[in-house]
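Numbering (the numbering used here), first residue to last: 213 to 898. This report concerns only the one structure given below.
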Amino acid sequence: MAAKISLWEKSIFKSAIVNAFRKLSVRHQIRNPVIFTVYIGSLLTSGLFIHSIFLPSEVPCYFILIISLCLWFTVIFANFAEALAEGRGKAQALALRKVRHDILAKKLSSASKKSKIKLTLSGNLHKGDIVLIEAGDFIPSDGEVIEGVASVNESAITGESAPVIRESGGDRNSVTGGTQVISDWIIVRITANPGETFIDEMISLVEGASRQKTPNELALTILLAALTLVFLFVCASSLPYTIYGASITGGKIASITVLVALFVCLAPTTIGALLSAIGIAGMDRMIQANVIALSGKAIETAGDIDILILDKTGTITLGNRQATKLIPADGVAIQTLADAAQLASLADETPEGRSIVILVKEKYGLRGRDIQEMGATFLPFTAQTRISGANLPGRQIRKGAVQAIESYIETLGGKFPESIKKDIDTIARKGGTPLVVTEGATVLGIVHLKDIVKGGIRERFAELRRMGIKTIMVTGDNQLTAAAIAAEAGVDDFLADATPEDKLKLIRRYQAEGHLVAMTGDGTNDAPALAQADVAVAMNTGTQIAKEAGNLVDLDSNPTKILEVIQIGKQLLITRGALTTFSISNDIAKYFAIIPAAFASTYPVLNTLNIMKLASPQSAILSAVIFNAFIIIFLIPLALRGVKYHAVSAEQLLRINLFIYGLGGLIIPFIGIKLIDLILVGLQWI
C-alpha cells in the first residue's frame, strides 16, 4: 500500500498539469487569499491587454501581455504544486480502492458458528452485524473478533507479506475490511457502517479531500493574508501619489499594470503558492511510512513533542519473555533439570513455554520423544493455575510461577529450598522472571525468563535524546524488573506497577507543566491515555477502541516507528519555516529591483537605487515578475520532498535556516533577476 511513488511519475505529472488549470475556478482560488489576489491581478491585466489592443495605452501592448502571462503562470504554478502533492495521495488511494470491493459475507443470526447463515454483500453490513469468516474468505468490513482464532493476510493494507494471528479477547482482536483469512475461522462483530470503514477513511485522507488546515498553517495563512492586504493598500494608494508627484516633477504616472506587477512582487506569493502543497506532502510522507494521520494537527504536533511515553512490552522489549538459562538446584544435574523442564512445557502453548522447549532442544540436545511409549499425560498451562506439567509412570513433573509452585509443594508436604529463593531474588533484581521446575515435592531448579530488549532500541532512544525528547517507559512490572529493563534499554525514566489510571495521571502531569506528550499503545487499557496524549500512535493490530482514541494509526504495528513520526513532523515544520524565510528574504531582494523601476518615471532620482544596473524600468519590472513566477517551479520539489531534518539544537537549526534560506533568499533574486534582464536585452524584447 505504501509503495514509494516518484515525485515526477509520468501519470501524476500529466494529471497535475490538467488539474492546475481546473483549479482556476474562483471557488477554488478564493481559499488561498494570497494567490487569489494574484488571480484578480491576472484578470485585471488581461483586461488591460485587450483594452490596449484597441485603444492607446500608457505602456506598450506587449509589456502588458508579458506581465499578464507571468501573473497567470504564478497562479497556475501554485495550482500545479498543490495538484502534484494531491496526485501522489490519489495514487495511494487508487491502490486502496482495489482493496475495497464488494465481498460476499456470511452474516450470522447470532454469535455462534452453528447459527443460521445468510449471504449478503459487504456493502449491506452495518455496525453490530455478526459474520463468519473462514479460510480463504475476505474480511468484509472492519470488526472485532468475538470467537475463534485465525491467520490473516494483511499485506493489502500493511505491505507486510507475513500473516498475523487474530483472536478473540486481548489486544489482537481487530480486523480490517479487505484483508483475507488464510487459515482456520473467526466470528467477527462489524464495527463500521458502509462508507465509514478504515479503508474509506484512509482513501479520504490520502486524497486530501478531508484535510483540514492545522493551527500553525492557519496562523501563517492569516499572517500572509494580512501582509497581502498591507501591500495591496500600499500599491493602491501609490496611484494617487504618483499622480501628485507627476504634477510636480513633470514625470510620467505609474501605470496600473506596473502597480499590479509591483504588488505581486511585494506580496508573499512564493510561500502562499507552496503552503498548501507543503501540508499535503507532510501527510503523504506519513503515508509513505505506513502511518495514517487522522488529523494534520497530529503530524505538526509530533514535530514539537518533548515527552515520549512507551509501553514496555512489545515496544521496548520483543513482547514475549524468552527462556535464556537453566539454574539447577543443589545436587541436581543440569541434564535432569533440562529433561523435566521440557516435559513440563510440552503442553504450555504460551510463548514462554515454547521458548523453554526451544532452549532445551538447542542447548541440551533433547529433541525427539516418543510420548506414547513414555505413557505421559500432560497438564496444560492456564492463567488460573499458572502451572503446566506432565504425569509419567511414577513421576509428577510441574513447572510454573514461584508462588504457584510453592503452594503446590506445600500441599505435598515439601519445603521450598532457601538456596532457590536466593536465586529467585537474584533473577528478579536483574529484571528477569523465574519459573520453578519440580518433580513431586522436590525442586529441580529454575528457568530464567527474560524480556529481550529489541536490537537497536538503545540507539533510537539516544537519537530521541539528541532531539531534546525525554523517554519514559511504563510497565506493570515491579520496581526491580522495571529498573533493570530501563537501564538496559537506555530510557530516561520509568513508571513501574502502572495501571491505566497511572498512565493517564502521568500524561496530565506533564501536560500541566507545559510539555507536549506522545504515546504509543494498542490495548483497550491504553485508550484513556491515548485520548489524553497530544500525539497518540495506535497500532493497527490493536483494539478498535485504541485506534479510535489515537490520532495516528501505524499500519505496520511497529511501536518504535514513533521516532519516524517525530522526524516527519519536524521535517514538515522545518520545511514550512525554511520556505517562509526564503519567501520573505526573496521579497526584500525584489524591492531593490522593482520599486526604483516602478517610480523612476515619476521620480527620476530613484534611479540611484538601481543597484542591479538593470537595463530599463520596463526590463526591471518584467525581470522581477518573471522571476517571481518561475521561482515557484524550482521550489516545488523542495516543498514536496521536505527539508532534511538533522538532530541539532533549536538555536543551531535557526542559524542554519537563516544562513541557507535567509541569505540564499536574498542573493538568488539578485542573480536571477539580473540574468533574466540580460536575456531580455539580448533577445531585444526590451
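Each residue gets a CB set at the ideal place from its N, CA and C atoms; glycine is no exception. Remember, predicted model here, so these are calculated numbers, not experimental data.
Within the same chain, and ignoring the five residues on either side of Ala228 in sequence, the residues whose Cβ sits closer than 7 Å to its Cβ are Phe292, Ala295, Leu296 and Gly299. Along the segment 744-823, the beta strand (DSSP E) occurs as fully enclosed runs of 3 or more residues at 747-751 and 764-766, listed in sequence order. Beta-bridge analysis with DSSP links His338 to no other residue. Listed in chain order, the beta strand (DSSP E) runs fully inside the segment 688-755 are 705-707, 729-733 and 747-751, counting runs of at least 3 residues.
Following the DSSP letters along the chain, one finds Thr332 inside the beta strand (DSSP E) bounded by residues Ile329 to Leu333. When beta bridges are read from the DSSP output, Ala545 appears opposite no residue. In this structure, Ile528 is the residue among Ile528, Phe443, Phe445 and Ile279 with its C-alpha nearest to the C-alpha of Ala699. Pro268 sits in coil when the DSSP states are folded into three classes, being neither helix nor strand. Taking Ile483 as the centre and dropping the five residues before and after it, the same chain places the C-beta of Leu436, Leu791, Thr792 and Ser795 closer than 7 Å to its C-beta, in chain order. Check the Cα spacing between Ala535 and each of Leu571, Val837, Gly508 and Ala510: the tightest is with Leu571. DSSP places Trp897 in the coil class of the three-state scheme, outside both helix and strand. Excluding the 5 residues flanking it on each side, Phe443 has same chain C-beta neighbours closer than 7 Å at Phe475, Leu478 and Ala479, in chain order.
Where Ser488 is concerned, there is no enclosing beta strand (DSSP E), although the alpha helix (DSSP H) around it starts and stops at Thr481 to Gln500. A distance below 6 Å between beta-carbons, with the five flanking residues on each side excluded, links Val855 to the following residues of its chain, in chain order: Ile786, Thr787 and Ala790. Each of Lys825, Ala836 and Gln783 was checked against the Cα of Tyr803, and the nearest Cα belongs to Ala836. In this structure, Val343 lies near Lys319, with their beta-carbon atoms less than 8 Å apart.
If one requires a minimum length of 3 residues, the beta strand (DSSP E) runs lying completely within the segment 632-675 are 644-651 and 654-662, in chain order. Asn291 sits in a helix when the DSSP states are folded into three classes. Scanning Leu591, Lys633, Gly876 and Asp518 for the CA closest to the CA of Gly781 turns up Asp518. With contacts defined as CB atoms closer than 8 Å, Ala438 and Ala290 fail to qualify as a contacting pair. Val655 and Arg610 have their C-alpha atoms some 9 Å from each other. Within its own chain, the residues whose Cβ lies closer than 7 Å to the Cβ of Gly652, once the five positions on either side in sequence are excluded, are Gln608 and Leu624, listed in chain order. Per the C-alpha coordinates, the member of Ile774, Leu870 and Gly543 positioned closest to Leu676 is Ile774. Straight-line measurement puts the Cα of Leu538 at about 14 Å from the Cα of Leu555.
Classified as exposed, Ile394 has fewer than 16 neighbouring CB atoms from the shown chains inside 10 Å of its CB. Here the segment 543-559 does not lie against the segment 703-713, with fewer than 3 beta-carbon pairs under 8 Å apart.
Residue burial is scored here from C-beta neighbours: Arg234 has fewer than 16 other C-beta atoms within 10 angstroms and is therefore classed as exposed. Separation of Ile599 and Lys509 (C-alpha to C-alpha, rounded to the nearest whole angstrom) is 49 Å. Going by DSSP, Ile833 is part of the alpha helix (DSSP H) stretching over Pro829 to Arg853. The alpha-carbon of Tyr857 is positioned some 10 Å away from that of Met679. Residue pairing by DSSP places Thr529 opposite Val665 in a beta bridge.
DSSP places Glu574 in the uninterrupted alpha helix (DSSP H) bounded by Pro563 to Tyr576. For Pro771 and Ala761, the gap between their C-alpha atoms comes out near 16 Å. Secondary structure of Ser467 (DSSP, three-state): coil.
Scanning its chain for C-beta atoms nearer than 6 Å, with the 5 sequence neighbours on each side dropped, one finds around Phe882 the residues Ala801, in chain order. Bounds of the beta strand (DSSP E) holding Thr683 are Lys682 to Val686.
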